[in-house]
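Chemist: Here it is, the structure, as structure tokens.
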Amino acid sequence: MSNSLNDTQVASLKAAGYTDRDISLFQVVLSFTGEFDQDVVGLGALIGFIVAGGLTQIFSIILHRLKDCKSHTLGPNGAATKTHITFRIAKALAPSVIDDPLQFWINIISALLVGLSDQQVVMGVLFLLIIIATKSASFPMYYAQFVSFFTLLTHAATIASMRPYFRKYPKMTTIRVCVMLLGYAIWLFANAVIFGVLIEIEGARWYNPATPAEDTIRIRHSGLTVVFAFEFSLITWVYSSTIAFIPDSLVKVRKAVATWPFKKGTLDDSIIHDWVQRHDTQSSPDGIFKSIGRELSTILLWPATLFCRLLTHTKSKPLRAIPWLIAEILNPWVLVPFILLVLFIASLLLVITIADTFQGDPEWNFGQILPIAMVFLPFWALVQGYAEDWQAAIDEKKADSQEKIEYGSNDKISKEKQRMFNNDISIDPVDGESIEAQIKERSTIYRD
């Protein structure tokens, strides 16, 4: 079956009584549900994007939880309380030689997330090149929407959960921003095509009664398009409000605001207060949002300073939730992984809803297996990181033990020197022997 009607099929439809408008709408149906190149848009390729996006959401939430446990459940000795369930799970899954299981898993999961995001960068660029090369003939519109959206979710979750990493490597951020902008372009193109079809259908209904073909397309696709537009708006808001790479000083302030309504006892507003005081005395911004520009940083500095100043005077616990909610709306921080997870689940349900669109050749070719196989490549980083950190911890333990042994031996020699000195024993070099060798020999004689 082709993606368009040939002359014979058009003639058959006209003989059956279909109008030219019905035939054009059948062409639209084929553009959505026709048989395309299964190596490009097969079910396996779509599953690869879905699995990568789902794993990214899951590990992103786990990473947020580990960082939260490490930051906010610190005991008097600087280590996470052993009664915390997150710490206990991390300790149980980490090798016994690891002293800090939380940091152990943070490092490993961070490497895995970077690998998943890199994999999505490669696959996203590859599919974009295919679209350009084939002039979108190999892609149904909804497939392009799904691929773009799952790619956007993967990058947004990675950036939101690993802000310090991307502040340290801004070039990696630039690559991902460019790829996401390309994803936006594909998304907008697909929506423009779908909205154009819907406008044509709705316009025809004003002067002609709806045909069964029109009703099928309208009912099937109009609701999905509204959901797509809502998801696109939400992911754009989350992404644009979380990728701002702010200095470490402002990151500390944002973390303090994020945990403000949940703190117990006396509020410690020293971080916020110091930041406000410092910027009150400065005539120019201290490098805030350097990547965006000096002018924009000046505009953003004033409301941020005013907000923090008002926040420091909020002592009532019920009122703390109001500025916290405002901050989460303007700049999502705590709720980002959960928002992205909800969007992923909604997209997955949409895929299931129109699953028949992606039914093709039951025999999977190399093009369908490759995207799924590439999903598992980042897990090699997890296994390798686990083994390397484990071996590094063992080597560190051995080095510490050897150091203690050497320290004990040196301490013993020092005591022997002091003992010989007190007993007026000569320890001058004799026949080129080292002092330590004579000490060991004479200490044995002395003990005997």
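Counting with the numbering used here, you get residues 885 to 1332 for the letters of the sequence shown. Glycine included, every Cβ here is placed at the ideal spot set by N, Cα and C.
(1) Express the C-alpha separation of residue 1010 and residue 936 in angstroms, rounding to a whole number.
(2) Are there 16 or more other CB atoms within 10 angstroms of the CB of residue 1262, so buried, or fewer, so exposed?
(3) Taking the alpha-carbon positions, what's the residue 929 to residue 1034 distance?
(4) Rounded to whole angstroms, what is the Cα-Cα separation between residue 1113 and residue 1221?
(5) If we count the other Cβ atoms within 10 Å of its Cβ and call it buried at 16 or more, is residue 1231 buried or exposed?
(6) Would you mind giving the Cβ-Cβ distance between residue 1122 and residue 1223, rounded to the nearest angstrom? I have them listed as a contact below 8 Å.
(7) Buried or exposed, going by whether 16 or more other CB atoms sit within 10 Å of the CB of residue 1119?
(8) So, are the CB atoms of residue 995 and residue 985 less than 8 Å apart?
(9) Can you tell me whether residue 1062 is buried or exposed? The criterion is at least 16 other CB atoms within 10 Å of its CB, across all chains shown.
(10) Considering residue 982, what are the terminal residues of the alpha helix (DSSP H) in which it resides?
(11) Given a cut-off of 8 Å on the beta-carbon distance, is the pair residue 947 and residue 1032 in contact?
(12) Are residue 950 and residue 974 touching if we call contact CB-CB under 8 Å?
(13) DSSP three-state label for residue 1214, please.
(14) How should residue 1048 be labelled, buried or exposed, when 16 other C-beta atoms within 10 angstroms of its C-beta is the threshold for buried?
(15) Indicate whether residue 941 and residue 1233 have their beta-carbon atoms separated by less than 8 Å.
(16) Can you give the beta carbon distance from residue 1000 to residue 1057, rounded, assuming they're within the 8 Å contact cut?
(17) Considering only residues of the same chain and omitting the five flanking positions on each side of residue 1070, which have a CB-CB separation below 6 Å?
(18) Below 8 Å between beta carbons: does that hold for residue 992 and residue 1269?
(19) Looking only at its chain, what residues have a beta carbon closer than 7 Å to the beta carbon of residue 1198, apart from the 5 residues adjacent to it on each side?
(20) Check the C-beta distance from residue 932 over to residue 1256 and give it rounded, since I have them as a contact under 8 Å.
(21) Which residue wins for smallest C-alpha separation from residue 1003, given the options 1260, 1276, 1186?
(22) Anyone know if the C-beta pair for residue 927 and residue 1252 falls short of 8 Å?
(23) Could you check what DSSP says for residue 895 in three-state terms: helix, strand or coil?
(24) Which residue comes first and which comes last in the alpha helix (DSSP H) that contains residue 1231?
(25) Got a sec, what are the start and stop residues for the alpha helix (DSSP H) residue 970 sits in?
(26) Residue 1250: buried (16+ other C-beta within 10 angstroms of its C-beta) or exposed?
(27) Report all residues from its chain with a CB closer than 6 Å to the CB of residue 982; omit the five preceding and five following residues, and keep chain order.
(28) Starting from the C-beta of residue 945, find all residues in its chain whose C-beta is less than 7 Å away, skip the five residues before and the five after it, and write them out in chain order.
(29) Using CA atoms only, rank isn't needed, just tell me which of 1115, 1137, 955 is closest to residue 1196.
(30) Going by C-alpha to C-alpha distance, which of 1005, 1017, 1054 sits closest to residue 1036?
(31) Do you know offhand how far residue 892's Cα is from residue 898's?
(32) Hey, residue 997 and residue 943 are a contact pair by Cβ (cut 8 Å); roughly how many whole angstroms apart?
(33) Under a CB-based cut-off of 8 Å, is residue 894 close to chain B?
(34) At which residues does the alpha helix (DSSP H) containing residue 1049 begin and terminate?
(35) Does DSSP classify residue 1039 as helix, strand or coil?
(36) Mark residue 1013 as exposed unless 16 or more other C-beta atoms lie within 10 angstroms of its C-beta, in which case mark it buried.
Modeler: The relevant details are as follows:
(1) For residue 936 and residue 1010, the distance between alpha carbons rounds to 16 Å.
(2) Buried: at least 16 other Cβ atoms inside 10 Å.
(3) C-alpha separation (whole angstroms): 12 Å.
(4) Taking the CA atoms as reference points, residue 1113 sits about 20 Å from residue 1221.
(5) It counts as buried.
(6) The distance from the Cβ of residue 1122 to that of residue 1223 is about 6 Å, consistent with a contact at the 8 Å cut-off.
(7) Buried, by the Cβ-count rule.
(8) No, they are not a contact pair.
(9) Burial call: exposed.
(10) For residue 982, no alpha helix (DSSP H) segment is defined, and its DSSP state is neither H nor E.
(11) Their beta carbons are not under 8 Å apart, which means residue 947 does not touch residue 1032 by this criterion.
(12) If you check the CB distance, residue 950 and residue 974 come in under 8 Å.
(13) Of the three classes helix, strand and coil, the one that applies to residue 1214 here is helix, per DSSP.
(14) By the 10 Å Cβ count, residue 1048 comes out exposed.
(15) Judged by their CB atoms, residue 941 and residue 1233 are not nearer to each other than the 8 Å cut-off.
(16) Rounded to whole angstroms, the Cβ separation of residue 1000 and residue 1057 is 16 Å, and the two are not in contact under 8 Å.
(17) Cβ within range, chain order: 1028, 1032.
(18) Cβ atoms of residue 992 and residue 1269: closer than 8 Å.
(19) Cβ neighbours of residue 1198 beyond the five flanking positions: 1204, 1207.
(20) Yes, residue 932 and residue 1256 are in contact; Cβ-Cβ is about 5 Å, under 8 Å.
(21) When each option's Cα is compared against that of residue 1003, the closest is 1260.
(22) Contact: yes.
(23) Residue 895: helix per DSSP, three-state reduction.
(24) First-last of the alpha helix (DSSP H) with residue 1231: 1220-1237.
(25) 969-977 is the extent of the alpha helix (DSSP H) around residue 970.
(26) Exposed, because fewer than 16 other Cβ atoms sit within 10 Å of the Cβ of residue 1250.
(27) Excluding residues within five positions, the ones whose Cβ falls inside 6 Å are 988, 1277.
(28) So the list reads 1221, 1225, once near-sequence residues are dropped.
(29) By alpha-carbon distance to residue 1196, the top candidate from 1115, 1137, 955 is 1137.
(30) Looking at the Cα atoms, 1005 is the closest of the given residues.
(31) The C-alpha of residue 892 lies about 10 Å from the C-alpha of residue 898.
(32) About 6 Å separates the beta carbons of residue 997 and residue 943, which is inside the 8 Å limit, making them a contact pair.
(33) Any reference to chain B falls outside this structure, which holds one protein chain only.
(34) Note, residue 1049: alpha helix (DSSP H), 1047-1052.
(35) Residue 1039: helix per DSSP, three-state reduction.
(36) Around the C-beta of residue 1013, fewer than 16 other C-beta atoms lie within 10 Å, and the residue is accordingly described as exposed.
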